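Keeping their order, the protein sequence lines are chains P and L.
Heads up, this note's numbering is the position in the first sequence plus 658, with the first residue counted as 1.
Heads up, this note's numbering is the position in the second sequence plus 658, with the first residue counted as 1.
We put the beta carbon where it would ideally sit given N, CA and C, even for glycine.
Fair warning: this is a prediction, and the values are worked out from it, not measured in the lab.
Protein chains: 2
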Amino acid sequence: MLKKERQAYILHQINLHNKVLSSSLSVDINVSEDTIRRDLQELAEEGKVIKVHGGALSHSFSQVHFPANEVYSQNQKKKIAQKAISLISNGMFILTSGGTTILEMARSLPPQLKATFISGSIAAILEYMHHPNIEVILIGDRISKSSKITVGPEAIAKIRQMKADICFLGTNAIDLQHGITDNDWEVVQLKRAMIESSQKVVCLSIAEKINTFQPIHICELDKIDMLITELPSDDPLLKPYTDAGIKVL
Amino acid sequence: MLKKERQAYILHQINLHNKVLSSSLSVDINVSEDTIRRDLQELAEEGKVIKVHGGALSHSFSQVHFPANEVYSQNQKKKIAQKAISLISNGMFILTSGGTTILEMARSLPPQLKATFISGSIAAILEYMHHPNIEVILIGDRISKSSKITVGPEAIAKIRQMKADICFLGTNAIDLQHGITDNDWEVVQLKRAMIESSQKVVCLSIAEKINTFQPIHICELDKIDMLITELPSDDPLLKPYTDAGIKVL
DNA sequence: CGTTTTTGTGCGGGATTTTGCCCTATATTT
DNA sequence: AAATATAGGGCAAAATCCCGCACAAAAACG
Numbered sequence: 659m660l661k662k663e664r665q666a667y668i669l670h671q672i673n674l675h676n677k678v679l680s681s682s683l684s685v686d687i688n689v690s691e692d693t694i695r696r697d698l699q700e701l702a703e704e705g706k707v708i709k710v711h712g713g714a715l716s717h718s719f720s721q722v723h724f725p726a727n728e729v730y731s732q733n734q735k736k737k738i739a740q741k742a743i744s745l746i747s748n749g750m751f752i753l754t755s756g757g758t759t760i761l762e763m764a765r766s767l768p769p770q771l772k773a774t775f776i777s778g779s780i781a782a783i784l785e786y787m788h789h790p791n792i793e794v795i796l797i798g799d800r801i802s803k804s805s806k807i808t809v810g811p812e813a814i815a816k817i818r819q820m821k822a823d824i825c826f827l828g829t830n831a832i833d834l835q836h837g838i839t840d841n842d843w844e845v846v847q848l849k850r851a852m853i854e855s856s857q858k859v860v861c862l863s864i865a866e867k868i869n870t871f872q873p874i875h876i877c878e879l880d881k882i883d884m885l886i887t888e889l890p891s892d893d894p895l896l897k898p899y900t901d902a903g904i905k906v907l
Numbered sequence: 659m660l661k662k663e664r665q666a667y668i669l670h671q672i673n674l675h676n677k678v679l680s681s682s683l684s685v686d687i688n689v690s691e692d693t694i695r696r697d698l699q700e701l702a703e704e705g706k707v708i709k710v711h712g713g714a715l716s717h718s719f720s721q722v723h724f725p726a727n728e729v730y731s732q733n734q735k736k737k738i739a740q741k742a743i744s745l746i747s748n749g750m751f752i753l754t755s756g757g758t759t760i761l762e763m764a765r766s767l768p769p770q771l772k773a774t775f776i777s778g779s780i781a782a783i784l785e786y787m788h789h790p791n792i793e794v795i796l797i798g799d800r801i802s803k804s805s806k807i808t809v810g811p812e813a814i815a816k817i818r819q820m821k822a823d824i825c826f827l828g829t830n831a832i833d834l835q836h837g838i839t840d841n842d843w844e845v846v847q848l849k850r851a852m853i854e855s856s857q858k859v860v861c862l863s864i865a866e867k868i869n870t871f872q873p874i875h876i877c878e879l880d881k882i883d884m885l886i887t888e889l890p891s892d893d894p895l896l897k898p899y900t901d902a903g904i905k906v907l
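Right, dumping it as structure tokens:
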């Protein structure tokens, strides 16, 4: 097999699988690993692949995943925030969890809006406080340092006492089979109470979290009234959820 | 699985869920926890995640810091803070108001200290949260945007329920004739409740505020057990207060 | 065509990287 | 205060890389 031929094959494999191992290529093409390594090195110098210890990665691999991701998902969250805000009207009592998606919503609230926001998330409260017209109610109790929200029986009791118009949940994982799940027991307790105390429950979730699950169960899907993602509402990924009776925005 | 591939996966998980546990990653990817720890360490050195005991956090998540700089007469407040801290010992329940002097104290708390701090001041809570060992209890209720603390009947009721070992009050004005006074009606209500609910009441006040008064009365001097200023305790300015039975530090 | 030069490939051996394991120190929980 | 979990450093085995070398095939050249 010619050198060029071999390199074309390698490039093909990389674009196909996003990665290759020197070892497996070696047995594939039946040449020594040194040869493969030299090929990879050349391809890397031409900028066609990214060489790493043990093989090589597709260029798209690191480009998509590493640097752009921060901004990328920020934009997704902005889109979600806009949709969520369209559900809010003046005079509402709104219960919110924490999480970066909720924060994005808090930052995007229109300045004229007059409503009451209730939360136990310190970060969310800080954002609400900057808003000129909204009333902010802070749920008190012990502060969980890991999640930076108030947790505990007092907080739950307080939430149980109220009946909010709408509840926005930053969702960590949603799945047809497991429903809404999360990974922090105390946060789960709080979210459950929030769901019970709201007339309408809205889940905010970026599409990546759709069809994933976490260890701790919060509730089944039938408790959820609405699901907001950055995708258009007729995206096939969301079809099962509309079929399950959830309104998708 | 290649190292870079693994790290990309970890990064992805962190950006998705804001946190990861070394243990769960280890079983996820099927490598030893040592490897995960080394990966997290590298990612942390590159500034892509924040490594914590047991796993790592998303960088965007813990960026909840108050722009707390340029405090008025900071050196004096540092001196006051040091004196106040000398009154605190392990296991105490400590009620604090807000104000920059209290913030200075919060920042200067020794890292080994284990105690429970209770407050309705958002800024103070943020400082306490950064401390590794102290337990933080947040008093909930409506947030006053002017003073950035929780105010209202719920907050007062909550404070009444507790009996703290000691209470630190950032004091706006203290005077032999008028006692402790302030200029925000809602804050005054809160401070009154705090005084009633504490075995020992300590006023923190820079010397400038000694012998001044404000429109709203909080309490008479006899409710105060201790007064801390940046001056030495035998300063003539403070003599009348020691004479009035207040311990001056 | 013969010789020289260039290029490609494999091999050996030492350096480097990666990984898992062990042991101790530190942190966290009970 | 004891028990458990996690971190950190050192070590060893395995994999991988790197470098020089040999050798052969191909190319270049007179």
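Check whether the Cβ of residue i lies closer than 8 Å to any Cβ atom in chain L.
i	result
P:N748	no
P:L796	yes
P:H723	Legend: pLDDT at P:H723 = 48, less than 50; position of this residue unreliable, no value from coordinates given.
P:G837	no
P:S856	no
P:L885	no
P:L896	no
P:H711	yes
P:E793	yes
P:E866	yes
P:S718	no
P:N869	no
P:N733	no
P:K662	no
P:M787	yes
Kindly indicate if chain P contains any beta-carbon less than 8 Å away from that of residue i.
i	result
L:Q707	The amino acid at residue 707 of chain L is misidentified as Gln; the sequence shows Val. For L:V707, the answer is no, since every Cβ of chain P falls outside 8 Å of its Cβ.
L:R800	yes
L:E703	no
L:K772	no
L:I783	yes
L:K849	no
L:A739	no
L:N673	yes
L:T780	The identity of residue 780 of chain L in the sequence shown is Ile, whereas the question assumes Thr. So, interface residue.
Do you know offhand how far residue i's Cα is from residue j's?
i	j	result
L:I783	L:E793	10 Å
P:R765	P:Q740	10 Å
P:D697	P:E703	10 Å
P:S716	P:M750	50 Å
P:K661	P:Q671	15 Å
P:S755	L:L753	27 Å
P:E854	P:N676	45 Å
L:P790	P:L796	23 Å
L:A865	P:H875	55 Å
P:D893	P:R850	28 Å
L:K706	L:M787	22 Å
P:A822	P:A773	11 Å
P:I687	P:R664	8 Å
L:L701	L:I668	9 Å
L:I708	L:A714	5 Å
P:H711	L:L674	27 Å
L:P811	L:D799	8 Å
L:G828	L:D880	17 Å
L:V809	L:L761	18 Å
P:V906	P:E785	26 Å
L:V736	L:P890	It is Lys, not Val, that sits at residue 736 of chain L in the sequence shown. Rounded to whole angstroms, L:K736 to L:P890 spans 14 Å at the Cα level.
P:I776	L:T870	38 Å
P:R695	P:V685	13 Å
Return the Cβ separation of residue i and residue j in integer angstroms, given the expectation that the two are a contact with Cβ distance under 8 Å.
i	j	result
P:E691	P:S682	Incorrect: roughly 10 Å between the Cβ atoms, too far for contact.
L:G757	L:A813	Not confirmed; about 16 Å, so no contact.
P:C877	P:S856	Incorrect: roughly 12 Å between the Cβ atoms, too far for contact.
P:V845	P:I807	7 Å
L:M763	L:A742	5 Å
Regarding residue i and the ligand GDP, is the C-beta to nearest heavy atom distance less than 7 Å?
i	result
P:G837	The model depicted lacks the ligand GDP and carries no ligand whatsoever.
Any contact between the stretch 743 to 763 of chain P and the stretch 893 to 902 of chain P? By contact I mean 3 or more CB pairs, one from each, below 8 Å.
no
Contact list for the stretch 806 to 821 of chain P against chain L, Cβ threshold 7 Å
K806, T808, K816
The stretch 879 to 897 of chain L / the stretch 852 to 861 of chain L touching (three or more Cβ pairs under 8 Å):
yes
Just checking, does the stretch 823 to 840 of chain P make contact with the stretch 801 to 808 of chain P on the three C-beta pairs under 8 Å criterion?
no
If you measure beta-carbon to beta-carbon, which residues of the stretch 681 to 700 of chain L are closer than 9 Å to chain P?
S682
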